[in-house]
Amino acid sequence: MIGLSHYLLVGAALFGLGLFGLLTKRNLIAVLMSIELMLNSVNINLVAFSRFSATDAAAGQVFSLFIIAVAAAEVAVGLALAYAIYRGRDTVSVDEMNWLKW
Amino acid sequence: MENGGLMHTLAFFLLSGITLAAAMGVVFKRNLVHSAFLLSVTFLGVAGLYMTLQAEFMAAVQALVYSGAVAVLVVIGVMLTHRQQMSRSNPPNKMLLVGALAALSVVGAIVWAILATPWKVGKGSVVTAGDIGRRFLTDFAPPFEAVALLLLAALIGAVVLFKGGKAQS
Amino acid sequence: MWADFSLHHAWLIPLLPALAFAIISFFLLRSPWLAARLAIAAMGTAFLIALGVVWAVGSKGITVEAPFVMKTVWFSMPGLVASMGVLVDPIAAMMLFVVSLISLLVLIYSTGYMTGDPGYARFFAFMSLFAASMLAMVIATNFLQMFVFWELVGLCSYLLIGWYFFKISAREAAKKAFMTTRIGDFGILLGILFLQIAFGTLDFGELAVKVPAYVQQNGVALLTCVALLLFAGPIAKSGQFPLHVWLPDAMEGPTPVSALIHAATMVVAGVYLVARAFAIFSVLPGAMTVIAWLGCFTALFAAAIALTQREIKRILAFSTISQLGYMMLALGVGSLTASMFHLMTHAFFKALLFLGAGSILHALHDKADIFEMGGLRKSMPATCAMMGIAVLAIAGIPPFAGFFSKDEILVAAAHVSTPLYIGASFTAFLTAFYMARLFLVAFFGEENPHNHAHESGLAMLAPMGVLAVFSIIAGIVPFTMGFGDWVRFGPAHHAGIDWGIASASTLIALAGFGLAWAIYGNGARRSDAIVKQVGVLYSLSLNKFYIDEIYQWFNRNIVTGLARVLYWVDLNVVDGIVDGAAQKSGAVGNILRRFQTGQTQHYAALMLMATVMMTLILAITAGAVAGGGKI
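Chains as they are written, first to last, in my numbering: chain B, 605 to 706; chain E, 36 to 204; chain R, 115 to 745.
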């Protein structure tokens with residue numbers, strides 16, 4: 605019997621993977637991908653809540669759609685930023701992006 | 036897909052396995068192109084999970100937007116920014132241990148919260164695309180419009196950033 | 115009519131010279147002729163008003179008990195109301211008359227004396243301000259107002275003593291005067307603060323009521339300390355013993371300034387302050403004793419120094435200190451009348467002496483040593499005659515002014531204490547001796563062939579003439595007109611000549627003259643033999659009892675040493691704390707800086723760790739993260 609907790613655990617695992625990638629990846633685009641994984645894990649949670657909710661079922665999916673929209677915007681702007689940095693500095697390595705440090 | 040049946044259970048475990056395996060590939064693969072493609076697989080797996088939750092519209096949007104648009108965007112980004120050897124394009128940094136510790140502790144906290152919480156699960160209901168559309172145009176209209184504006188701003192911003200400023204071009 | 119107007123517009127007396135100062139400073143610095151005329155006109159008008167005030171005091175029956183007071187609130191806050199105003203009683207009226215008259219005469223004299231000085235107009239501006247401050251101080255209704263103008267007087271003295279600022283000695287003298295009087299100002303300020311705290315008022319009239327009542331209730335111990343603090347101001351300003359050192363050095367200023375400082379403004383301010391606050395001092399026998407003995411000692415001490423000095427203005431300076439000691443002595447023995455009387459007569463003859471000295475210096479181009487003058491009698495007959503009058507007056511020969519006032523002081527002292535009387539009498543002897551020495555050496559004897567002395571012009575001689583007249587009559591006229599009925603404290607003082615004391619003092623003065631004649635008469639120089647016999651005493655006196663040297667030594671060794679210690683403390687302890695704090699913050703920052711790697715992922719990891727920590731803390735303290743989620 606697959607219940608809410610199963611989906612939430614899958615979401616948690618996906619979130620953990622995304623988090624690990626966010627912290628350990630050197631490539632800016634890989635970091636962006638990791639963020640996408642985390643956003644997806646959140647979406648799984650929301651849709652699962654929507655499915656097993658007692659009251660307002662549609663709200664969860666509405667929120668998920670909002671998140672998908674925001675994620676799309678984030679990817680577009682993030683990749684544009686990565687490309688702009690790459691063009692200016694010839695690198696996409698997060699390690700080297702510390703010019704604001706004194 | 037009927038909730039509670041054997042097929043449903045099998046489908047859930049299969050799709051979860053695919054999703055998590057692909058996600059691990061995304062994170063651990065040293066080749067950025069492989070990561071990008073596995074990301075697309077992850078998105079499709081999540082779409083399948085939505086199907087098991089009887090959220091067909093969500094599954095369709097996930098497949099279209101994520102696997103279709105976002106994954107393609109990422110691949111384009113990878114190709115634009117990488118000219119050297121692809122096989123070592125996605126290296127990890129020196130924080131593997133710290134990252135693992137942080138991720139594990141967060142996951143641990145979440146898992147503990149999930150297991151410790153006595154969920155009161157309802158009977159549940161199927162949500163159709165019509166329901167979602169109605170909600171978007173009634174009580175969620177303001178955020179809906181805001182998201183439209185956000186997308187527009189992101190579009191313009193991305194174009195401007197890609198084009199580059201005068202100083203750099 | 116005029117008297118009435120003057121009385122109600124007494125504030126004009128200080129205001130007119132102050133206005134003259136402002137106008138000259140702002141508009142007339144390049145037109146010296148006009149500046150001098152303006153200063154004199156303003157001072158002359160002020161003098162006329164002062165005359166009217168004196169007349170009003172006489173005709174309207176304004177007495178010490180019932181003064182004419184006009185005041186307005188200057189500023190007020192809870193617990194402190196300061197007023198400015200005009201207080202006219204016979205004492206103030208007498209002072210107004212003397213100060214404005216002498217200021218006027220000195221200003222006229224200065225038109226001659228200062229001719230050719232590049233700062234001619236500025237000089238008249240400063241002199242006007244000097245006189246204005248003193249006049250305003252005289253009519254002050256309370257201690258605060260008095261203190262303000264007291265300080266202004268000090269400032270003007272600084273400006274004028276340092277007039278020849280291109281001379282190092284003048285600059286040093288100005289600084290010395292300012293710093294020395296500042297010591298006293300510190301005391302007086304403390305005293306004023308205490309009076310304000312203890313009595314809630316600084317008004318002379320109110321204090322005169324409250325202080326005796328307080329003394330009856332609480333005894334005199336505390337108030338004696340306060341009175342001595344207040345007296346520190348007069349000690350410094352009036353050149354009493356430990357703080358007299360600035361006055362001889364003040365000679366560095368132009369001679370008219372010296373005349374003003376010594377006769378009308380500045381030094382008599384201290385005496386006047388004690389007289390004004392006499393209601394406080396008179397109920398404190400301890401303070402009175404201190405004042406009397408200090409005055410007597412100063413008189414004797416300064417006279418002893420004056421015996422051997424060679425510079426004419428220096429002799430006069432020590433003579434001033436000595437005479438101020440007399441005034442303090444008179445106050446100390448409780449005779450305000452005698453003190454004020456002597457203040458007035460002294461103002462006239464000392465101003466005359468200084469103007470005469472200025473006339474000589476002008477003629478001899480600042481050759482100040484009296485032993486180089488010699489036989490000025492023939493070349494400067496008018497100056498000689500008027501100096502003679504002044505010498506007779508200061509020595510106390512009847513019927514000149516000094517005789518009457520000095521006699522009053524001697525009588526008052528004899529009533530209180532025989533040692534004081536003897537000290538005062540001996541001082542009178544010394545005074546007669548050194549004044550006669552000055553006069554004989556400078557004007558008689560053989561003419562110095564190097565000198566080409568000439569008589570001074572009318573602008574200088576006319577004021578001297580007026581002062582000479584006053585030096586003759588200022589004693590006998592007030593004496594017969596009942597000076598003591600007006601200027602007094604307590605019951606009316608009917609002055610009568612104690613024939614015993616009067617004849618004794620006259621004989622003493624004549625003896626002083628005789629001794630001087632015996633040593634210096636007929637151009638003789640019989641002093642060298644005497645010097646050999648009393649060598650130690652002579653060098654003590656010549657070197658002013660080494661007071662300056664003692665101060666120098668104290669300054670060099672104690673003050674500088676202390677300053678060095680404090681400098682070290684400041685450098686190592688105070689700065690050490692400040693620098694140390696800064697260094698430690700810097701070090702801490704240096705450590706914390708390492709957390710700021712610039713690596714976004716480090717920040718993200720730290721933030722997540724913190725989130726996990728907070729979750730854990732919340733879970734432990736609240737028992738559960740989400741106790742009862744509802745889906």
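All C-beta atoms, glycine included, are put in the ideal place defined by N, C-alpha and C.
Start and end of the beta strand (DSSP E) containing residue i?
i                        : result
methionine 57 (chain R)  : Residue 57 (chain R) lies beyond the stretch modelled for chain R, which goes from 115 to 745, so this question has no answer here.
isoleucine 199 (chain R) : It should be pointed out that residue 199 (chain R) corresponds to glycine in this sequence rather than to isoleucine. Where glycine 199 (chain R) is concerned, the enclosing beta strand (DSSP E) stretches over 194-202.
Helix, strand or coil: how does DSSP classify residue i here?
i                        : result
tryptophan 600 (chain R) : helix
lysine 481 (chain R)     : coil
aspartate 760 (chain R)  : Outside the shown range of chain R, which is 115 to 745, sits residue 760 (chain R), and nothing can be said about it.
proline 127 (chain E)    : strand
glutamate 486 (chain R)  : helix
serine 204 (chain E)     : Bear in mind that a pLDDT of 45 at serine 204 (chain E), under 50, signals an unreliable position, so the number given afterwards is only what the model happens to contain. Three-state result, serine 204 (chain E): coil.
aspartate 317 (chain R)  : strand
asparagine 631 (chain B) : strand
glutamate 366 (chain R)  : helix
serine 224 (chain R)     : helix
serine 645 (chain B)     : helix
asparagine 702 (chain B) : coil
serine 697 (chain B)     : strand
asparagine 332 (chain R) : helix
Starting from residue i, trace the alpha helix (DSSP H) in both directions and tell me its first and last residue.
i                        : result
alanine 662 (chain B)    : 661-693
tyrosine 278 (chain R)   : Unbroken run through tyrosine 278 (chain R): none, as it is neither H nor E.
serine 155 (chain E)     : Here residue 155 (chain E) turns out to be lysine, not serine, going by the sequence shown. It is not in any alpha helix (DSSP H) - lysine 155 (chain E) carries neither H nor E in the DSSP assignment.
serine 120 (chain R)     : 116-122
glycine 230 (chain R)    : First-last for glycine 230 (chain R): undefined, no H or E at that position.
tryptophan 125 (chain R) : Per DSSP, tryptophan 125 (chain R) belongs to no alpha helix (DSSP H) and is neither H nor E.
glutamine 437 (chain R)  : 426-446
leucine 414 (chain R)    : 399-420
glutamate 561 (chain R)  : Unbroken run through glutamate 561 (chain R): none, as it is neither H nor E.
leucine 572 (chain R)    : 572-594
aspartate 166 (chain E)  : 164-172
arginine 390 (chain R)   : 381-390
proline 177 (chain E)    : 176-198
serine 173 (chain R)     : 146-174
Check: If you measure beta-carbon to beta-carbon, which residues of the segment 674-704 of chain B are closer than 9 Å to chain R?
Finding: Listed in sequence order: Val698, Asp699, Met701, Asn702, Trp703 and Leu704.
Note to self: If the cut-off is 9 Å on Cβ atoms, which residues from the segment 608-630 of chain B count as contacting chain E, listed in chain order?
What the structure shows: Contact residues of the segment 608-630 of chain B toward chain E are Leu608, Ser609, His610, Tyr611, Leu612, Leu613, Val614, Gly615, Ala616, Ala617, Leu618, Phe619, Gly620, Leu621, Gly622, Leu623, Phe624, Gly625, Leu626, Leu627, Thr628, Lys629 and Arg630 (C-beta to C-beta distance below 9 Å).
Next item on the list: Would you check if the segment 307-314 of chain R and the segment 270-286 of chain R touch, i.e. whether three or more CB-CB distances between them fall below 8 Å?
Entry: Verdict: no, contact absent.
Margin query: Give the list of continuous alpha helix (DSSP H) stretches no shorter than 4 residues that lie fully inside the segment 40-112 of chain E.
Written below: Taking only runs of at least 4 residues, the alpha helix (DSSP H) segments lying wholly in the segment 40-112 of chain E are 41-63, 67-87 and 91-96.
Check: Using a Cβ cut-off of 8 Å, which residues of the segment 633-647 of chain B contact any Cβ in chain E, in chain order?
Finding: Within the segment 633-647 of chain B, the residues whose Cβ lies closer than 8 Å to some Cβ of chain E are Ile633, Ala634, Leu636, Met637, Ser638, Glu640, Leu641, Asn644 and Asn647, listed in chain order.
Check: In the segment 122-138 of chain E, which residues sit with their C-beta less than 8 Å from some C-beta in chain B, listed in chain order?
Finding: Contact annotation: in the segment 122-138 of chain E, residues whose CB is within less than 8 Å of a CB in chain B are Ser124, Asn125, Pro126, Pro127, Asn128, Met130, Leu131, Val133, Gly134, Ala135, Ala137 and Ala138.
Checklist line | Chain-ordered residues of the segment 710-728 of chain R with a beta carbon less than 8 Å from chain B | finding: The segment 710-728 of chain R vs chain B, Cβ under 8 Å: Gln710, Thr711, Gly712, Gln713, Thr714, Gln715, Ala718, Ala719 and Leu722.
Next item on the list: Could you tell me which uninterrupted alpha helix (DSSP H) segments, each at least 4 residues in length, are contained entirely in the segment 488-551 of chain R, listed from first to last along the chain?
Entry: Counting whole runs of 4 or more residues, the segment 488-551 of chain R contains the alpha helix (DSSP H) stretches 490-493, 495-509 and 515-530.
Notebook entry, point to check: the segment 137-152 of chain E: which residues have C-beta closer than 9 Å to a C-beta of chain R, in chain order?
Noted result: The segment 137-152 of chain E vs chain R, Cβ under 9 Å: Ala137, Ala138, Ser140, Val141, Gly143, Ala144, Trp147, Ala148, Ala151 and Thr152.
Check: How do the segment 386-406 of chain R and the segment 355-363 of chain R stand: do at least 3 beta-carbon pairs fall below 8 Å, yes or no?
Finding: Contact between the segment 386-406 of chain R and the segment 355-363 of chain R is absent: fewer than three C-beta pairs spanning the two stretches fall below 8 Å.
Next item on the list: Decide if the segment 187-195 of chain E is in contact with the segment 674-682 of chain B; the criterion is three or more beta carbon pairs, one per stretch, under 8 Å apart.
Entry: By the criterion of at least three beta-carbon pairs nearer than 8 Å, the segment 187-195 of chain E is in contact with the segment 674-682 of chain B.
Item checked: Cβ contact check for the segment 634-654 of chain B and the segment 53-65 of chain E: 3 or more pairs under 8 Å -> When Cβ pairs closer than 8 Å are counted between the two stretches, the segment 634-654 of chain B is seen to touch the segment 53-65 of chain E, the count reaching three or more.
Item checked: Ranges of the alpha helix (DSSP H) found wholly within the segment 662-742 of chain R, counting only runs of at least 4 -> Qualifying alpha helix (DSSP H) stretches, in chain order: 674-683, 689-707 and 714-736.
Margin query: Counting beta carbon pairs with one atom in the segment 451-466 of chain R and one in the segment 476-484 of chain R, are three or more of them shorter than 8 Å?
Written below: When Cβ pairs closer than 8 Å are counted between the two stretches, the segment 476-484 of chain R is seen not to touch the segment 451-466 of chain R, the count staying below three.
Margin query: When you compare the segment 397-406 of chain R with the segment 372-385 of chain R, are there three or more beta-carbon pairs, one atom per stretch, that lie closer than 8 Å?
Written below: Verdict: no, contact absent.
Notebook entry, point to check: In the segment 88-101 of chain E, which residues sit with their C-beta less than 8 Å from some C-beta in chain B, listed in chain order?
Noted result: Residues of the segment 88-101 of chain E with a Cβ closer than 8 Å to any Cβ of chain B, in chain order: Leu88, Gln89, Ala90, Phe92, Met93, Val96, Gln97, Val100 and Tyr101.
Next item on the list: Please name the residues in the segment 168-188 of chain E whose beta-carbon is closer than 7 Å to at least one beta-carbon of chain B, in chain order.
Entry: Residues passing the 7 Å Cβ filter: Arg170, Phe171, Phe175, Pro178, Val182, Leu185 and Leu186.
Margin query: For the structure I just gave you, are there three or more beta carbon pairs, one from the segment 133-140 of chain R and one from the segment 253-263 of chain R, closer than 8 Å?
Written below: No: the two stretches stay apart, fewer than three of their Cβ pairs being nearer than 8 Å.
Notebook entry, point to check: With a cut-off of 8 Å, do at least 3 Cβ pairs link the segment 333-352 of chain R to the segment 289-309 of chain R?
Noted result: Yes, since at least three Cβ pairs between the segment 333-352 of chain R and the segment 289-309 of chain R fall closer than 8 Å, the two stretches touch.
Notebook entry, point to check: With a cut-off of 8 Å, do at least 3 Cβ pairs link the segment 611-619 of chain R to the segment 262-269 of chain R?
Noted result: Result no; under three Cβ-Cβ pairs closer than 8 Å.
Next item on the list: Say whether the segment 581-590 of chain R touches the segment 526-535 of chain R, bearing in mind that this needs 3 or more beta-carbon pairs closer than 8 Å, one atom from each stretch.
Entry: Two segments are said to touch when three or more pairs of C-beta atoms, one from each, lie closer than 8 Å; by this definition the segment 581-590 of chain R does not touch the segment 526-535 of chain R.
Next item on the list: Would you be able to state if there are at least three C-beta pairs under 8 Å between the segment 461-480 of chain R and the segment 205-225 of chain R?
Entry: Yes, they touch.
Next item on the list: Specify whether the segment 118-132 of chain R and the segment 152-162 of chain R touch according to this definition: at least 3 beta carbon pairs, one from each stretch, less than 8 Å apart.
Entry: Yes: the two stretches touch, three or more of their Cβ pairs being nearer than 8 Å.
Note to self: Measuring CB atoms only, is the segment 228-239 of chain R touching the segment 281-296 of chain R, in the sense that at least three cross pairs come out at less than 8 Å?
What the structure shows: No contact exists between the segment 228-239 of chain R and the segment 281-296 of chain R.
Next item on the list: With 8 Å as the C-beta to C-beta threshold (strictly closer), list the residues of the segment 55-83 of chain E near chain B in chain order.
Entry: Of all residues in the segment 55-83 of chain E, Leu55, Ala58, Met59, Val61, Val62, Leu67, Ser70, Ala71, Leu74, Thr77, Phe78 and Val81 have a Cβ within less than 8 Å of some Cβ in chain B.
Next item on the list: Would you check if there are 3 or more beta carbon pairs closer than 8 Å linking the segment 541-556 of chain R to the segment 430-437 of chain R?
Entry: Verdict: yes, contact present.
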